[in-house]
Structure formats: structure tokens, C-alpha cells
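What follows is one structure encoded as C-alpha cells, with my remarks underneath.
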Amino acid sequence: MKKAILLLLICLLATNIFAVSFTDSLGRVAELPKELDRIVPSGNLAQLVLYSIAPERIVGWSSRISETAAKYFEQDVVNLPVFGTFYGKKANLNKEALMSAAPDVVIDMGEIKGTKEEMAKELDDLQHDVMIPVIFIEAYLDNTPDVFRTLGKLLDEEEKCEKLAVFAEEALNMAEEARKAITEQVTVYYSSSEDGLDAIAEGNFHGEVIEKVGAKNVVPSTFGSSSNKVSMEQLYIWDPDVIILTSPEAYKKATTGNEWKSLSAVKNGKVYLMPSEPYPFLDNPPATNRIIGIYWLGNLLYPDLYPVDIVEKTIEFYSLYYNNNLSASDAERILNPSI
Numbered sequence: 037m038k039k040a041i042l043l044l045l046i047c048l049l050a051t052n053i054f055a056v057s058f059t060d061s062l063g064r065v066a067e068l069p070k071e072l073d074r075i076v077p078s079g080n081l082a083q084l085v086l087y088s089i090a091p092e093r094i095v096g097w098s099s100r101i102s103e104t105a106a107k108y109f110e111q112d113v114v115n116l117p118v119f120g121t122f123y124g125k126k127a128n129l130n131k132e133a134l135m136s137a138a139p140d141v142v143i144d145m146g147e148i149k150g151t152k153e154e155m156a157k158e159l160d161d162l163q164h165d166v167m168i169p170v171i172f173i174e175a176y177l178d179n180t181p182d183v184f185r186t187l188g189k190l191l192d193e194e195e196k197c198e199k200l201a202v203f204a205e206e207a208l209n210m211a212e213e214a215r216k217a218i219t220e221q222v223t224v225y226y227s228s229s230e231d232g233l234d235a236i237a238e239g240n241f242h243g244e245v246i247e248k249v250g251a252k253n254v255v256p257s258t259f260g261s262s263s264n265k266v267s268m269e270q271l272y273i274w275d276p277d278v279i280i281l282t283s284p285e286a287y288k289k290a291t292t293g294n295e296w297k298s299l300s301a302v303k304n305g306k307v308y309l310m311p312s313e314p315y316p317f318l319d320n321p322p323a324t325n326r327i328i329g330i331y332w333l334g335n336l337l338y339p340d341l342y343p344v345d346i347v348e349k350t351i352e353f354y355s356l357y358y359n360n361n362l363s364a365s366d367a368e369r370i371l372n373p374s375i
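Structural data, given as C-alpha cells:
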């Protein structure tokens, strides 16, 4: 009799703790606790997505939050343990520290690396080593709303995630409608380097927002899939309508230096220093920060097709995605870093 009761209690406990089967984007089935109270994100995208949903559930990071970003994050989570990169060529995961934190689940997000089979095996091996469920959710700019709705169900945060999904959905829909209406594309050059001459090429996901809003990246895809050094002579040949720079040093060179002064964008006052607090609006990392980047760049290049109050949109975005309540003056300062 006692043995039967004990077995029943064990079954009830197991049913309560491991009650949810989740099939991830690789087709892997994970048995998860019913309540996911302790979460570890893998990678920058996962960190930002999960922070927007439930910062109080995060028990560690895969990489340190920068000093600039830390000012916008809740301070009790900024100094959480850092476990390292979870897999891939630069993997430096501290598995012992991860296991000591006792998370209910590790959540990775982003694009599939290699083949599904290769990535699934890598995550299976990691899961076996740490004895913690590890799941992967495929995430890219266009499916951002779906990612939030999936996580809303998984984390029992459907109301919050629906707000996040709708904000992203509205931005993506506005961009889609704008692209249909554009008859003459604005040409854009984008660089994140300090000299302004490492170019982000067309088709590179680091500059995806440029194409998403309907503009034309002057750097052809033949330049490669990552940043590429260009000469001033080449930049003069392209002669873009608009130049967007991430680095204040590059912005100063472009707007005050003799080398850049004959470019059309410089002569017309169309050189812009990208808003970058806590993260650049277009890239680095290519994560949820790109959602506000759609509104910012779209409104900048095609104000008639993106008729939004960018200050209000920025305040709304920071409240939803960074859990940070900006004042209007804070938003203005972030949006105008060159002033």
C-alpha cells in the first residue's frame, strides 16, 4: 500500500514538473517543466527577445551586457552570470556554471546554422552534457511576430507577447505597403566602421532594414556577405543619396573632412549618425532593435509613406522591448545623436 502511494506521488510530481512537450524549429521534441521560471538565453537575439518578455526569469547571459546597454536594463539582471557562447566555432560555454544556475530551459534563437541535422545534433549533444532542455526557435526579421506568439504560449505570457508581436507586425506591414508605393528608390550607403569605409553590402542581413523599408543599398552583393573595405573613389562612383554611419568618428570625418565633401549626400545634408542606445537601430546585434529601425529609417527616407511620430514610436518601443519608460526628451536625444 505504501509503495503504491509512493509511486502515485512520484507520478503526480513528474506530471506536474515535466508536463509540456515542445517541438522546436529543428523538429526536436523537448519535455519541459509546466512552469518555466528559470531561463537562460543563448545568443544576443535570444537575450533581447527574452528580456522583453520576462526579465525576472532570466538567470544568466551568454554574453555580458555592455555599459551602454546596461543603462537601459533593469539593474538586478545586468550582473547575472555569463555562461559564454553555447555552440559553434567560437563556443566557450562554461557548462558547470550553467548547470549550477539550474535553469528550466536554455532557449536559442536565430537562423539555422548549417543543416538542420547538423544543428540538431549539436544541440542534442549540449543537452546531453548539461542535462538541461535546450530548444531552438528559428527567428529572423520577417517572422518576429510569430516568434513572440510562440514564446507567449511557451512561457504563459500571451498578453505581453501579443503586444510585442503586434508592434513588430505593424512595422513590417507598413514597410510592405511602402515598398509597393515607391516609384523612385532612395540610394543608401551604410557603414559601421570608424573610418566609414567598411561597407555593408546589399543582401547582407546586417543591412536588411535598408531593403526592407524600400531603399536601394548602393553596395552590390558581389562585395560579399560581410563588411568590406571600399575606397573613396568607389564611394564617389556610387554617390548615394543618403549615408548612414554608426561611428561618431566616421560621422565627423564625413561631415567635416575634405575627402567626403563633394559627395551628394554630404552636400545635401543627408549624412546621418544612427541612433545607437542601447543598440544601433539597424544592426549589431541584428535583433529586435531592427523593429524600431524600420520606423526610424522609413520615416527618415520616405516620410510620406511612413507617417509616424517617431518620438512616440520610440517611447512605445522602449517601453515594450526594453521595459524602459523614456521621456520625450530622452527619445529626442536618442534619435538625434549628432546634436
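Going by my numbering, the sequence shown wraps up at 375, each residue one higher than the last.
Idealized CB from N, CA, C, for every residue including glycine.
- Under the DSSP assignment, residue 268 falls in the alpha helix (DSSP H) whose first and last residues are 268 to 274.
- Assignment of alpha helix (DSSP H) within the stretch 130 to 214, counting only whole runs of 4 or more residues, yields 131 to 137, 152 to 166, 180 to 190 in chain order.
- Per the C-alpha coordinates, the member of 245, 355, 167 positioned closest to residue 67 is 167.
- Counting the other CB atoms within 10 Å of its CB gives residue 138 a total below 16, which places it among the exposed residues.
- The beta carbon of residue 91 lies closer than 7 Å to those of 110, 113, 359 in the same chain, with the five residues before and after it left out.
- Around the C-beta of residue 253, 16 or more other C-beta atoms lie within 10 Å, and the residue is accordingly described as buried.
- Distance from the CA atom of residue 177 to the CA atom of residue 145, rounded to whole angstroms, is 12 Å.
- In this structure residue 372 is exposed. Its beta-carbon is surrounded by fewer than 16 other beta-carbon atoms within 10 angstroms.
- Nearest to residue 133 by C-alpha distance, out of 98, 105, 151, 152, is 98.
- Measuring C-alpha to C-alpha distances from residue 292 to each of 307, 280, 282 identifies 307 as the nearest.
- In the DSSP assignment, the residues bridged to residue 66 are 58.
- Secondary structure in the stretch 255 to 339: the beta strand (DSSP E) runs of 3 residues or longer, each lying completely within the stretch, are 278 to 281, 307 to 309 in chain order.
- The shortest C-alpha to C-alpha distance from residue 343 to any of 169, 150, 231, 214 is the one to 214.
- In the structure shown, the three-state DSSP call for residue 252 is strand.
- Here the C-alpha atom of residue 120 lies approximately 27 Å from the C-alpha atom of residue 193.
- Per DSSP, the unbroken alpha helix (DSSP H) holding residue 89 starts and ends at 80 to 89.
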